[in-house]
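A.B. asks: Line by line, the protein sequences give chains S and R. Everything in the first sequence is counted per our numbering, starting at 7 for the first residue and increasing by one. Everything in the second sequence is counted per our numbering, starting at 7 for the first residue and increasing by one. The C-beta atom is built at its ideal place from N, Cα and C for all residues, glycine as well.
Number of protein chains: 2
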Amino acid sequence: MGQDLSRDLPITAYALLGLLSFGDSLTGYELKQRADRTLRFYWVSPAMSQVYSELERLHDLGLVKSQGDARSTSYSLTSRGSSVLTDWMNTSPVGFPVLKHPVALRLLLGALADPARVTNMLRDHLAALDEERAALEQVRHSLEGQDQPGDPFRYPALVADWGSSYFEHERTIVEDLLRRIHEGT
Amino acid sequence: MGQDLSRDLPITAYALLGLLSFGDSLTGYELKQRADRTLRFYWVSPAMSQVYSELERLHDLGLVKSQGDARSTSYSLTSRGSSVLTDWMNTSPVGFPVLKHPVALRLLLGALADPARVTNMLRDHLAALDEERAALEQVRHSLEGQDQPGDPFRYPALVADWGSSYFEHERTIVEDLLRRIHEGT
DNA sequence: ACAGCCATGTAACTCGTTACATGATTAC
DNA sequence: GTAATCATGTAACGAGTTACATGGCTGT
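1. Give the DSSP bridge partners of Q196 (chain R), in chain order.
2. Taking C-alpha atoms, which residue in R:E174, R:V180, R:S170 lies nearest to W168 (chain S)?
3. Below 7 Å CB to CB, which residues in the same chain sit around A134 (chain S) once its five sequence neighbours on both sides are set aside?
4. In chain order, what residues of the segment 102–128 of chain S put their CB closer than 9 Å to some CB of chain R?
5. Run through DSSP, which three-state label would V165 (chain S) get?
6. The alpha helix (DSSP H) with L91 (chain S) in it runs from where to where?
7. Please list, in chain order, the chain R residues whose beta carbon lies closer than 7 Å to that of G24 (chain S).
8. Roughly how many angstroms separate the alpha carbons of L113 (chain R) and L91 (chain S), rounded to a whole number?
9. Alpha carbon to alpha carbon, how far is R46 (chain R) from Y81 (chain R)? Give it in angstroms, no decimals.
10. State yes or no: is the C-beta of P99 (chain S) within less than 7 Å of the C-beta of H107 (chain R)?
11. Do you know offhand how far G116 (chain S)'s Cα is from S171 (chain S)'s?
12. Does the beta-carbon distance from A21 (chain S) to W49 (chain S) come in below 7 Å?
13. Just by C-beta distance, which residues in the segment 75–102 of chain S are closer than 7 Å to chain R?
14. Counting C-beta neighbours from all protein chains within 10 Å, is the total for H131 (chain S) 16 or more, i.e. buried, or is it exposed?
15. Check each candidate in S:Y35, S:E143, S:G29 and name the one with the smallest Cα separation from T79 (chain S).
16. DSSP beta-bridge partners for T33 (chain S)?
17. Can you tell me the Cα-Cα spacing of D182 (chain R) and L128 (chain R), whole angstroms?
18. Residues in its own chain within less than 7 Å of Q154 (chain S) by CB, not counting five upstream and five downstream?
19. If you draw a straight line from the alpha carbon of A53 (chain R) to that of L23 (chain R), how long is it in whole angstroms?
20. Quick one, are the C-beta atoms of S31 (chain R) and D42 (chain R) less than 7 Å apart?
21. In this structure, how does DSSP classify V100 (chain S) when only helix, strand and coil are distinguished?
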């Protein structure tokens, strides 16, 4: 029982530690909500069941401590957890982003599909993009007033701006593509 | 033996079928190279071993046919493979992109890291971005002359332009972030 | 001779998902 | 009372990875 301390954790584990690094104590359920609100834009929001199993592992490793009963347990970082996370931030190899883009993948094969399907797909993507962007901007607004240098949410604010700008630009690209597809017909 | 025909294939299987939909016949090895050159920008380039196992499954399902011996086997689409792929293009739910962005994830937690580390990370990301973009633009150039409406590589060209524009914009965002981080210090 | 590429696979393993199951608390 | 939300887990499974193993062919 327990975990092999010599093995590296998956990045998702560090991400969850990161979500716990803002000073509060969260239940698995709340942690999942926070992941849905923020983490999902730059990483992935793990399934509920994975949140619980990951918390169990982190607890076994002594990186988080729990309080409360079986009915409702909340977790917070231990000092070891905090130092492991800081160490990961400072020394782990970063790597290049991986994008799984089902719209681009299908556009690549656009010749195989009904032309109307391609157009609809891109239009639907525009709508989805707007929705996601609105959700992200809501998060961004909730950080206002605590987003200046030295404030606790400065970095989350920077990342949220990054995401917004990404969504905004993606919109203009897709609009462009729609135009190019139609002028050529 | 054989595969359960009622089950859906993973998207990666359709992606591989898609790479075989340009009329030629490829070995597993060549298919992996094509994935490394193109697919990796919008999806993921599967490991060598997965390419082989996926090809075996597609063969079992009658979606690709093989020619050659055990020394070197090349695969091409069957008409069933082609119609399954077209059907997937026209009817499958598309879904929103998933981005796993280790740089953004770490920037979110930037407060925990050495400030120099954050800066270096972003600068390294700029360099990596330029490399990736150069690779993609090389692909794009190889499509020139066959990228007009009606040409075989029109859609791949559109997607390559999408990718280029994405890399370009990501560069400007990161440059902006670097500026914002330094003016606030 | 030796390096590097072409080519094909097997085995073990982890991550992460979906489906399932349970029950308490809160709001209407 | 009943629906939604809060809360926690188990089980089965699939996708995809890394490590390993093999061997032919090509260029120098």
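C.D. replies: Based on what the coordinates show:
1. Look at the range of chain R in this structure, 7 to 191, and you will see that residue 196 (chain R) is not part of it.
2. Here the question's residue 168 (chain S) lines up with position 162 in the first sequence. Nearest of R:E174, R:V180, R:S170 to W168 (chain S), Cα basis: R:V180.
3. One-based indexing of the first sequence puts residue 134 (chain S) at position 128. Hits under 7 Å: none found.
4. F102, P103, V104, L105, K106, H107, P108, V109, A110, L111, R112, L113, L114, L115, G116, A117, L118, A119, D120, R123, V124, M127
5. For this step, residue 165 (chain S) is matched to residue 159 along the first sequence. Reduced to three states, the DSSP call for V165 (chain S) is helix.
6. Here the question's residue 91 (chain S) lines up with position 85 in the first sequence. Note, L91 (chain S): alpha helix (DSSP H), 85–97.
7. The residue given as residue 24 (chain S) occupies position 18 in the first sequence. Under the 7 Å cutoff, chain R gives L114, L115.
8. On the second sequence, position 107 is the one that residue 113 (chain R) refers to. On the first sequence, position 85 is the one that residue 91 (chain S) refers to. Roughly 13 Å separates the two Cα atoms.
9. On the second sequence, residue 81 (chain R) is found 75 positions in, with the first residue counted as 1. On the second sequence, residue 46 (chain R) is found 40 positions in, with the first residue counted as 1. So the two alpha carbons sit approximately 20 Å from each other.
10. Here residue 99 (chain S) refers to the residue found at position 93 when the first sequence is read from its first residue. Here residue 107 (chain R) refers to the residue found at position 101 when the second sequence is read from its first residue. In this structure, H107 (chain R) does not lie closer than 7 Å to P99 (chain S) by Cβ.
11. Taking the first sequence and counting its residues from 1, the one referred to as residue 116 (chain S) is at position 110. Taking the first sequence and counting its residues from 1, the one referred to as residue 171 (chain S) is at position 165. So the alpha carbons of these two residues sit roughly 27 Å apart.
12. Against the first sequence, residue 21 (chain S) aligns to sequence position 15. Against the first sequence, residue 49 (chain S) aligns to sequence position 43. Taking 7 Å as the Cβ cut-off, A21 (chain S) and W49 (chain S) qualify as a contacting pair.
13. L91, T92, M95, N96, V100, G101, F102
14. In the first sequence, residue 131 (chain S) corresponds to position 125, counting from 1. With 16 or more other Cβ atoms within 10 Å, it is buried.
15. Here residue 79 (chain S) corresponds to residue number 73 of the first sequence, with the count starting at 1. Of the listed residues, the one whose Cα sits closest to T79 (chain S) is S:Y35.
16. Reading the first sequence from its first residue, position 27 is the one you call residue 33 (chain S). In the DSSP output, where bridge partners are listed per residue, T33 (chain S) has S:S80.
17. Working through the second sequence from its first residue, we reach residue 182 (chain R) at position 176. Working through the second sequence from its first residue, we reach residue 128 (chain R) at position 122. Computed Cα separation, rounded: 11 Å.
18. For the purposes of this step, residue 154 (chain S) is taken as the residue at position 148 of the first sequence. Excluding positions up to five away in sequence, the list reads R160.
19. Sequence index remark: in the second sequence, residue 53 (chain R) carries index 47 (1-based). Sequence index remark: in the second sequence, residue 23 (chain R) carries index 17 (1-based). Approximately 16 Å, taken between the alpha carbons.
20. Position 25 of the second sequence, counted from the start, is the residue given in the question as residue 31 (chain R). Position 36 of the second sequence, counted from the start, is the residue given in the question as residue 42 (chain R). Cβ atoms of S31 (chain R) and D42 (chain R): not closer than 7 Å.
21. Start at 1 with the first residue of the first sequence, and residue 100 (chain S) comes out as number 94. Three-state DSSP puts V100 (chain S) in coil, outside helix and strand.
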